[in-house]
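Q: Dropping the structure in here first, questions after.
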Amino acid sequence: MKNITLLSLVLFLILVACQKDDEKQSGELDAELITLLERNSNGQGVDFFRMPMSTDLAAIPQDPRNPLNEAKVELGKHLYHETGLAVDPKRPEGKFTYSCASCHHAPAGFQAGRKQGIGDGGAGFGLSGEGRAPNSLYLIEELDLQPIRTPSAMNGAWQPNMLWNGQFGATHLNVGTEAQWEAETPKAVNHLGYEGLETQAIAGLTVHRMDIEEDFCETTSYKQYFE
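So in the numbering used here, the last one in the sequence shown is 324, and the numbering has no gaps at all.
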């Protein structure tokens, strides 16, 4: 009995000591993080990094040529997951089987949940996108397969230039690169003058074999939002 009591006391002391060390380490890390944030806040303090509420549209960065409003936000939520835009697949079996969310969905941090996202030509999903695989009816070269890990679509409003190499967007770092916006390439969309988020979305429709047809706008329940 004495041995059990002694062992329990030793274990208690070890746990208490570890907890104090963890608390101290956590406090030091918090202080270090706050210092780092303040140093990179352009003199505004940690509030510089606080994200606004999703309903506070005025506080969210936005292209002045495409200002936010509630109807646009609501429409975007639906179209992001809408397979009705998948109208130009390589094979008829792929029609209406993919959407933006096929490669950028919430459970995977708005990424694909696998090493390479598959749009047209993909099948299945799994729990977080890990179960999506090439459709057996498609040849490998027919797949809309991303060359490297799909970037997250989260918080794109804070990125004036988009994609892995920042090629989309006519403003900020891309000013002066107009000679590279070659005709009949996705980068040609930069000539429309929008920032990265809008440019990427417009170019992405063609790249990912999607389109918004007039009939879709007129005959679906989305009509009220388009108006």
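All C-beta atoms in this analysis are idealised placements derived from N, C-alpha and C, irrespective of residue type, glycine included.
On a CA-only basis, which of MET259, LEU236, LEU240, ARG211 is nearest HIS226? Give me that one, please.
A: The question names His, yet the displayed sequence has Gly at residue 226. Measuring from the Cα of GLY226, the nearest candidate turns out to be ARG211.
Q: Under a Cβ-count criterion, where at least 16 other Cβ atoms within 10 Å of its own Cβ denotes burial, should LEU126 be classed as buried or exposed?
A: exposed
Q: Mind checking who GLN208 pairs with in its DSSP beta bridge?
A: HIS202
Q: Between the alpha carbons of THR316 and SER151, how many angstroms are there, rounded?
A: Distance between the alpha carbons of THR316 and SER151 is about 29 angstroms.
Q: Does the stretch 143-159 come within contact of the stretch 299-306, defined as at least 3 CB pairs closer than 8 angstroms?
A: no
Q: On the three-state DSSP scale, how would you describe ALA250?
A: When DSSP states are grouped into helix, strand and coil, ALA250 belongs to the coil group.
Q: Just the C-alpha distance for ARG136 and ALA254, rounded to the nearest angstrom, thanks.
A: 23 angstroms
Q: Given this structure, state the Cα-to-Cα distance separating GLY181 from LEU130, to the nearest angstrom.
A: 45 angstroms
Q: Throw me the rounded Cβ distance for the PRO231 and LEU240 pair, which I believe falls under 8 angstroms.
A: That pair is a contact at about 6 angstroms.
Q: Under the three-state reduction of DSSP, which class applies to ALA267: helix, strand or coil?
A: coil
Q: If we ignore side chains and look at the alpha-carbon of each, how far apart do ASP308 and CYS197 end up?
A: 12 angstroms
Q: I need the boundaries of the alpha helix (DSSP H) containing LEU224, first residue and last residue.
A: Here LEU224 belongs to no alpha helix (DSSP H), and DSSP marks it neither H nor E.
Q: Should THR194 be listed as close to the ligand HEM, given that the test is whether its C-beta is under 6 angstroms from any heavy atom?
A: Looking at this structure, you won't find the ligand HEM or any other ligand, since it has none at all.
Q: Can the beta-carbon of PRO186 be found closer than 7 angstroms to that of ARG306?
A: yes
Q: Going by other Cβ atoms of all chains shown within 10 Å of its Cβ, with 16 needed for buried, is PRO161 buried or exposed?
A: It counts as exposed.
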